[in-house]
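Q: Structure below; questions to follow.
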C-alpha cells in the first residue's frame with residue numbers, strides 16, 4: 210500500500226463506533242488495524258484516515274477533547290459518485306449538516322463546479338463530500 214504524504218489521524222471516543230460509521234455507512238475500507246492500540250487505518254479510494262481511540266496516556270493529544278472534536282476544520286473527501294454515499298447516509302438515518310449544494314470555486318482563471326454536502330462523524334468531525342462536475 211502506498212501512503213499519502215498527508216494522512217490525518219483522528220482521535221475518537223469509541224473506535225468500534227467510528228469503524229462502523231466510516232466502513233458500513235460511508236464505504237471506507239479497513240486497510241489494517243492494531244486492536245491492542247484501538248487503532249484503524251482506513252481508506253476510500255485515494256483518501257486515507259487513521260482512527261485512534263482516546264486514552265489517558267496518548268502522547269499525541271495535547272489538549273482537552275470535547276464534542277464536537279476537530280473544531281475549525283472540515284475534511285473534503287473527493288468522490289466519484291456522491292449520490293451513492295449520500296443515499297447510504299440517509300438510509301442509515303445519519304444527520305446531514307449541509308444538504309447537497311452546487312458550488313463554484315475559482316482556481317486562478319478556471320472555475321471548478323462541485324456537488325457537495327457536509328456531515329459530522331460520531332465524534333463531530335466535519336466531513337465534506339464533493340464530486341467535481343467539470344474537469
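Numbering (this note's numbering), first residue to last: 210 to 344. Even for Gly, the Cβ is constructed at its ideal location relative to N, Cα and C.
Kindly list the residues whose CB is nearer than 7 Å to the CB of residue 307, restricted to its own chain and excluding five residues on each side of it in sequence; keep chain order.
A: Taking the first residue of the chain shown as position 1, residue 307 is located at position 98. Around residue 307: 326 and 327.
Q: If we call anything under 7 Å between Cβ atoms a contact, is residue 216 one with residue 257?
A: For the purposes of this step, residue 216 is taken as the residue at position 7 of the chain shown. For the purposes of this step, residue 257 is taken as the residue at position 48 of the chain shown. Yes, these two residues count as a Cβ contact at 7 Å.
Q: Taking the alpha-carbon positions, what's the residue 227 to residue 262 distance?
A: On the chain shown, residue 227 is found 18 positions in, with the first residue counted as 1. On the chain shown, residue 262 is found 53 positions in, with the first residue counted as 1. If I take the Cα positions, the gap works out to 9 Å.
Q: If the criterion is Cβ atoms closer than 7 Å, does the pair residue 291 and residue 230 meet it?
A: Counted from its first residue, the chain shown places residue 291 at position 82. Counted from its first residue, the chain shown places residue 230 at position 21. No, they are not a contact pair.
Q: With 16 other CB atoms within 10 Å as the buried threshold, where does residue 330 fall?
A: Position 121 of the chain shown, counted from the start, is the residue given in the question as residue 330. It is buried - the Cβ of residue 330 has at least 16 other Cβ atoms within 10 Å.
Q: Put residue 306 into one of helix, strand or coil per three-state DSSP.
A: Within the chain shown, the letter at position 97 stands for residue 306. Reduced to three states, the DSSP call for residue 306 is strand.
Q: Measuring alpha carbon to alpha carbon, tell me which residue in 246, 301, 285 and 333 is nearest residue 340.
A: Looking up residue 340 in the chain shown gives position 131. When each option's Cα is compared against that of residue 340, the closest is 285.
Q: Can you list, in chain order, the residues of its chain whose CB lies under 6 Å from that of residue 238, leaving out five sequence neighbours each side?
A: Residue numbering aside, residue 238 sits at position 29 when the chain shown is read from its first letter. If we look at residue 238 and ignore the five residues flanking it on each side, its Cβ neighbours are 252.
Q: Is residue 313 buried or exposed, if buried means 16 or more other CB atoms sit within 10 Å of its CB?
A: Taking the first residue of the chain shown as position 1, residue 313 is located at position 104. In this structure residue 313 is exposed. Its beta-carbon is surrounded by fewer than 16 other beta-carbon atoms within 10 angstroms.
Q: The beta strand (DSSP E) that contains residue 319, what's its start and end?
A: Start at 1 with the first residue of the chain shown, and residue 319 comes out as number 110. Taken as a continuous stretch (DSSP letters only), the beta strand (DSSP E) holding residue 319 covers 319-329.
Q: Taking just the CA atoms, how far does residue 283 sit from residue 336?
A: In the chain shown, counting from the first residue as 1, residue 336 sits at position 127. In the chain shown, counting from the first residue as 1, residue 283 sits at position 74. Using only the alpha carbons, I get a separation of about 6 Å.
Q: Could you check which residue in 297, 304 and 342 has the C-alpha nearest to that of residue 321?
A: Locating residue 321 in the chain shown gives position 112, where the first residue counts as 1. Among 297, 304 and 342, the Cα nearest to that of residue 321 belongs to 342.
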